[in-house]
């Protein structure tokens, strides 16, 4: 076998193996679940530089519980992160985006690479007085070598990109919902989610995303857009109890907060309580509606008191309820 | 009494350091001056200071406020000894001692064979000594006496040894986290040898700049110290990670914490420096760049000390609460401004050194590696300091943490692995046509094969597969080169292959030592990839007698236990770990209580070939225990790899010594 044939054969084997490897790695996700991934991005307020996923402190544990709840309820990464950042002072995002006052953080390393390469090339092109002569004359084979090196670098870059994407991807199934569900919903626009939901309207699996989208509208104060989605989930017999409760309670709150319909609100929340009489959020919203809408301050105070007895209450919820309880006990008007 | 002795030691060391600067400058200018005497004085003073501190700790002398505030009569060995570096003032004493030892080593060589460069370097080391021993006499005085005792500890102290002592009866003991594991006793000294060792190449660089002799002499003279510093720094980082893993109970070993970053940055720059220093020694290139690197490495050790010891990390506002922060920051500015001013005055040197002919050469790959390592260090630097700078200048608060560093550093680490493979097999000056292809096609096939096998049998997670492939690539390139050279010799001499392999290694030990470090780096990368990407986690509540299944283990919770030890109370749970109904080990995850402070949750770890089982207590009461269960797959590869990296450094050091003493013997034989 001539040297040339051998070279071509070996090169083909390498390329073939690289392709096989690429097809093998591109699908499998890492073991890191979404709760931990989100937790790793939030700085624990009471620790020194630790994320809430790593910190053993009580506050970090409370925050992780909250993340777990929200993930289970189908909220988007961004919504969960926004909630954490707004309800815990001192909680910070550990990978700030390349914009605003953290733009430089990302620009400096990028600039360093560009400047570094420029300096090296410039340095090489401006030899000093004692520059030695080239050891080997440039030849076509050397150029080929350089080209080969370049190809390797490009191949490597592709591998890195594919591998880093595989960290985000989940195994895909036939339905388009699952395709989107695995993704970080925070990077999906409302319009895309609407489209996917419309396309999968009959698929019960879409409820998670529908709820996430509705929560997003709800948090933006866009009750009008949130309403139809909550309604579908509330009426869907395939929805999980947790999903149905969330939808009913949100509908109830919107009926009260948006339209002042105390009776409708109470009825909707009672439906939620029929599913789970112990649901914290339902009990809280009901008490709040009765207090603000019907002036039942004492009853509300009793409910708040009972909710506070639950030792597993997330600390932000606890402080909210404590504040409400104080107001209710004073007989003050609701906030 | 001990306060007198310690302060006297510090004063003597300070005097010795001052004398060293004065005489060093004189000798560097061509005069003659004895530098051995002052260096002995510095060393003696530093030993007396550390000795006084140790005696005070071992005899529970609470009249020293450092002892009263950081020691307790119940602190057991070796933590009583280690308390000397458990807090700021004591750690500066250790710093001073290590600096004194390095200074003395340089001075011994200098008295044997005096020259202006060595004298100038000693003057610089004396200057650094003045700063640190000066700290001990002023803002970080470890020998202050207590003048206002508390029930435990000391409320106010006086720097004057003759002040009237108000003797505390007992102290609170060192920070519980630090006395929870023996690793914390040895981690600081190891790390400090690394930090302080970098003073030597820095001093020689400044000496060379001041004398206007940019040739490779300063590199040659400081090379061994650089290797010592680099090896110990790496080992120190490893011990820190291991300690975090064994003590901090979150199952991790590295969190891109500012304290960790402070040690990583000088290591990265020193690694770049070792490579680019080789380029200058072999090819006379990169003179200016080597100065930049070594000044940066030294400045980063000071920056690291500033960040970790001034309290600035906890809060920008604590900066002014202690004078140590401004003192360290001022010294850092002095080092940077002074060094770079001197450097720019000699900038014509940068223009005169030769250039590389081609990037396809050892020096070309080293250039790429230097770019990557420098960018790496810069990423760590900006990520660590950005929140501080932003808050200091604008008041805005941002967090920069693990996700930021991982996003940038992980791809960079993979690129570094790729270049290691190229660098190892590429000859100096330039590779002949086809050589690289011949040397790398084999490793390429093996690496891809290893990746495919991993993907088919172990995991398809991209980062893990890539780490295995690139790790194999590095190892295969190194081993392939060794086999190639041994074969060539075998064909020439006819001696057996294994003998020739040994000869190849023996003939160029520093090179093969470096390759051993590279294999260590590959092991570290694979270990991290597994442990970071494939851990399992669960939480269970168990009552005595109940069992749980987790990751192939059967865990049976036997009973709670409570043990009183001299310095702590250990409360925990006994858990039997079974695999296939065979008892493997009884683990005791616990909460350790030191005095009044809150308990330290301490994990129990069972190590097996495929990784660790990591048990942590979440809560414990009489009838039920809540456990966190984690696995750390292949994490032992990380420890093994880290030790291998450092081992390469030590081997190179020993080999150089052997080469040098052989040369000296030959010389003497001829004379």
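Residue numbers (the working numbering), protein chains in the order written: chain A, 1488 to 1822; chain B, 100 to 770. In this text, a Cβ means the ideal position worked out from N, Cα and C, and glycines have one as well.
- Item | Start and end residues, alpha helix (DSSP H) containing residue 169 (chain B) | 164–169
- 7 angstroms Cβ shell around residue 1562 (chain A) - same chain, five flanking residues per side excluded: 1699 and 1702
- Mind pulling the chain A residues with CB within less than 7 angstroms of residue 348 (chain B)? Simply 1543.
- To the nearest whole angstrom, what separates the beta carbons of residue 732 (chain B) and residue 710 (chain B), a pair I think is in contact under 8 angstroms? 4 angstroms
- Item | 8 angstroms Cβ cut-off: residues of chain A touching residue 473 (chain B) | 1599 and 1603
- Message: Quick check on the DSSP output: what are the complete beta strand (DSSP E) runs of length 3 or more inside the stretch 679–712 of chain B, in order along the chain?
- Response: 681–686, 689–692, 699–701 and 703–707
- Query: When we look at the beta-carbon of residue 591 (chain B) and count the other beta-carbons within 10 Å, is it buried (16 or more) or exposed?
  - Reply: exposed
- Quick one: is residue 218 (chain B) buried, meaning 16 or more other Cβ sit within 10 Å of its Cβ, or exposed? buried
- Query: Since residue 326 (chain B) is in the alpha helix (DSSP H), which residue starts that stretch and which ends it?
  - Reply: 316–346
- Query: Alpha carbon to alpha carbon, what distance is there between residue 1795 (chain A) and residue 1805 (chain A)?
  - Reply: 7 angstroms
- Message: Can you list, in chain order, the residues of its chain with a C-beta nearer than 6 angstroms to that of residue 327 (chain B)? Leave out the 5 residues immediately preceding and following it.
- Response: 296
- Check the C-beta distance from residue 148 (chain B) over to residue 195 (chain B) and give it rounded, since I have them as a contact under 8 angstroms. 7 angstroms
- Please decide whether residue 1748 (chain A) counts as near chain B, where near means a Cβ-Cβ distance under 8 angstroms. no
- Item | Supposed contact pair residue 173 (chain B) and residue 666 (chain B) - C-beta distance, whole angstroms, cut 8 angstroms | 5 angstroms
- Item | Any C-beta of chain A under 8 angstroms from that of residue 586 (chain B) | For residue 586 (chain B), no Cβ of chain A is located within less than 8 angstroms of the residue's own Cβ.
- Please work out which residues of its chain come closer than 8 angstroms, Cβ to Cβ, to residue 1767 (chain A), disregarding the five sequence neighbours upstream and downstream, and give them in chain order. 1794, 1797, 1800 and 1804
- Which chain A residues are close to residue 84 (chain B), counting only those with a beta carbon under 7 angstroms from its beta carbon? As shown, chain B starts at 100 and ends at 770. That puts residue 84 (chain B) outside it, with no answer to give.
- Helix, strand or coil for residue 673 (chain B) per DSSP? strand
- Message: Given a cut-off of 8 angstroms on the beta-carbon distance, is the pair residue 431 (chain B) and residue 401 (chain B) in contact?
- Response: yes
- Query: Excluding sequence positions up to five away, which residues of its chain have a Cβ less than 7 angstroms from the Cβ of residue 298 (chain B)?
  - Reply: 198, 201, 224, 227 and 397
- Message: Between residue 1589 (chain A) and chain B, is any beta-carbon pair separated by less than 8 angstroms?
- Response: Yes, its Cβ sits closer than 8 angstroms to a Cβ of chain B.
- Query: Are the stretch 374–386 of chain B and the stretch 435–444 of chain B in contact at 8 angstroms, needing three or more beta carbon pairs?
  - Reply: Under the Cβ criterion (8 angstroms, minimum of three pairs), the stretch 374–386 of chain B does not count as touching the stretch 435–444 of chain B.
- Message: According to DSSP, is residue 1688 (chain A) part of a helix, a strand, or is it coil?
- Response: coil
- Query: Hey, is residue 1609 (chain A)'s beta-carbon within less than 8 angstroms of any beta-carbon in chain B?
  - Reply: no
- Message: Alpha carbons only, please: which of B:736, B:360, B:140 and B:674 is nearest the one belonging to residue 726 (chain B)?
- Response: That would be B:674, whose Cα lies nearest to the Cα of residue 726 (chain B).
- Item | Cβ pair residue 221 (chain B), residue 119 (chain B) closer than 8 angstroms | Contact: yes.
- Message: Taking the beta carbon of residue 1652 (chain A) as the centre, do at least 16 other beta carbons fall within 10 Å, making it buried, or is it exposed?
- Response: Any answer about residue 1652 (chain A) is weak, because its pLDDT of 43 lies below 50 and its placement is not dependable; what the coordinates show is given next. The residue is exposed, with fewer than 16 neighbouring Cβ atoms inside 10 Å.
- Item | Exposure of residue 627 (chain B), with buried meaning 16 or more beta-carbon neighbours within 10 Å | Buried, since its Cβ has 16 or more Cβ neighbours within 10 Å.
- Item | N-terminal and C-terminal residue of the alpha helix (DSSP H) that residue 1757 (chain A) is part of | 1749–1762
- Could you check the C-alpha separation between residue 1693 (chain A) and residue 1732 (chain A) for me, to the nearest Å? 17 angstroms
- Whether residue 192 (chain B) touches residue 152 (chain B) by CB criterion (8 angstroms): yes
- Item | Proximal residues to residue 1620 (chain A) (C-beta, below 8 angstroms), its chain only, five neighbours per side dropped | Since pLDDT at residue 1620 (chain A) reaches only 35, below the 50 mark, its modelled position is unreliable, and the value read off the structure follows with that caveat. Within the same chain, residue 1620 (chain A) has no close Cβ partners at all.
- Task: State yes or no: is the C-beta of residue 1735 (chain A) within less than 8 angstroms of the C-beta of residue 1755 (chain A)?
- Result: yes
- Message: What are the residues in the stretch 1790–1822 of chain A lying within 8 angstroms of chain B by C-beta distance?
- Response: none
- Task: Identify the contact partners of residue 42 (chain B) in chain A, using a Cβ-Cβ distance below 8 angstroms as the criterion.
- Result: Shown here, chain B extends from 100 to 770; a query on residue 42 (chain B) therefore has no answer.
- Query: Taking 8 angstroms as the CB-CB limit, is residue 1786 (chain A) close to chain B?
  - Reply: So, not an interface residue.
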